[in-house]
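K.L.:
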Amino acid sequence: MQATVENPNQRLTEIKSQITSSARVANTEICQVNLIAVSKTRSIREIEPLIKSGQLVFGENRIEEAAEKWPEMKARYPDIQLHLIGRLQSGKVGGVGLFDVIHTVDRPSLIKALGKAMRDLGRQIPCFIQVNIGEEPQKGGCAIDALPEMLELARKDNIDIIGLMCIPPVGVEPAPYFALLAELAARHGLPNLSMGMSGDFETAIMLGATHVRIGTALFGERG
Ligand SMILES: *Cc1c(COP(=O)(O)O)cnc(C)c1O
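Numbers -9 to 213, taken from my numbering, label the letters of the sequence shown in order.
#1: Nearest-angstrom Cα distance between residue 94 and residue 199?
#2: Quick check on DSSP: helix, strand or coil for residue 33?
#3: Looking at residue 134 and residue 174, is the spacing between their C-beta atoms short of 8 Å?
#4: Please list, following the chain, all residues that have a C-beta closer than 5 Å to any non-hydrogen atom of ligand 1.
#5: Quick check: what's the CA-CA separation for residue 218 versus residue 89?
#6: Residue 103 and residue 83 - do their beta-carbons sit closer together than 8 Å?
#7: Quick one: grab the DSSP three-state call for residue 101.
#8: Please classify residue 120 as buried or exposed, where buried requires at least 16 other C-beta atoms within 10 Å of its C-beta.
#9: Let's see if you can read the secondary structure: which residues bound the alpha helix (DSSP H) around residue 122?
#10: Using only CA atoms, which one of 97, 15, 53 lies nearest to residue 196?
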């Protein structure tokens, strides 16, 4: 999707109206679709105008980058919600306290590490389990077959799993993958689906997405 860099607020309005139309097709309540503005690589100078026009939910993919940008912004705008959408190393879970939701829980060692980190924090951070929906070896996410075991481990470690997340294979029609993720979530009684990015969020919403993660279509191409 092409976007001009000059006016992120106008793009925000446009994306919200596209979300509304797609939600209508899906017969989803519009309030059930959460727009996560993916702010990785973007400066505070680019981000703050969106906050001022009411966008309060942001996604970052690296803990280090988030720790540089967000503590001050969260202090200034206490209603901001920060979502971790990037791959998480077990050794870095000490930094998750900055986040309000984690989308990328995908292996037993990470569940263990997160369980301990949240006990240390004294706070539950709602999590999605990321599923490697296209079974691509280079991608994050647990195998589809491993999902029941992951859910069981998370339950034992007292981690609040609120839904499933996926990133479908690049360059092919994403709808079947979104539909499969929706079916898996329904099978396990999970209410939320984190799926859909700049190029495919409308399709994702029509297939039940509750959280769309949008960077480029809001901020322009990443440099
Ligand atoms: C970067 C990123 C996005 C946003 O991608 P765009 O195509 O720029 O909208 C969404 N999800 C994840 C996991 C990402 O890393």
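Note that beta-carbon positions come from the ideal geometry of N, C-alpha and C, so glycine has one too.
P.N.:
In brief:
#1: Along the sequence shown, read from residue 1 onward, the residue named residue 94 stands at position 104. Along the sequence shown, read from residue 1 onward, the residue named residue 199 stands at position 209. Rounded to the nearest angstrom, the two C-alpha atoms are 16 Å apart.
#2: Your numbering for residue 33 matches position 43 in the sequence shown. Correct three-state label for residue 33: coil.
#3: As a working mapping, residue 174 is identified with position 184 in the sequence shown. As a working mapping, residue 134 is identified with position 144 in the sequence shown. Yes, they are a contact pair.
#4: 28, 51, 75, 187, 188, 203, 204, 205, 206
#5: This structure leaves residue 218 out entirely; the chain is present only between -9 and 213.
#6: For the purposes of this step, residue 83 is taken as the residue at position 93 of the sequence shown. For the purposes of this step, residue 103 is taken as the residue at position 113 of the sequence shown. Against a cut-off of 8 Å, the Cβ pair of residue 103 and residue 83 comes out as a contact.
#7: As a working note, residue 101 is residue 111 in the sequence shown. Residue 101: helix per DSSP, three-state reduction.
#8: Taking the first residue of the sequence shown as 1, we reach residue 120 at position 130. So residue 120 ends up on the buried side.
#9: Here the question's residue 122 lines up with position 132 in the sequence shown. No alpha helix (DSSP H) contains residue 122, which DSSP labels as neither H nor E.
#10: Working through the sequence shown from its first residue, we reach residue 196 at position 206. Ranking 97, 15, 53 by Cα distance to residue 196 puts 15 first.
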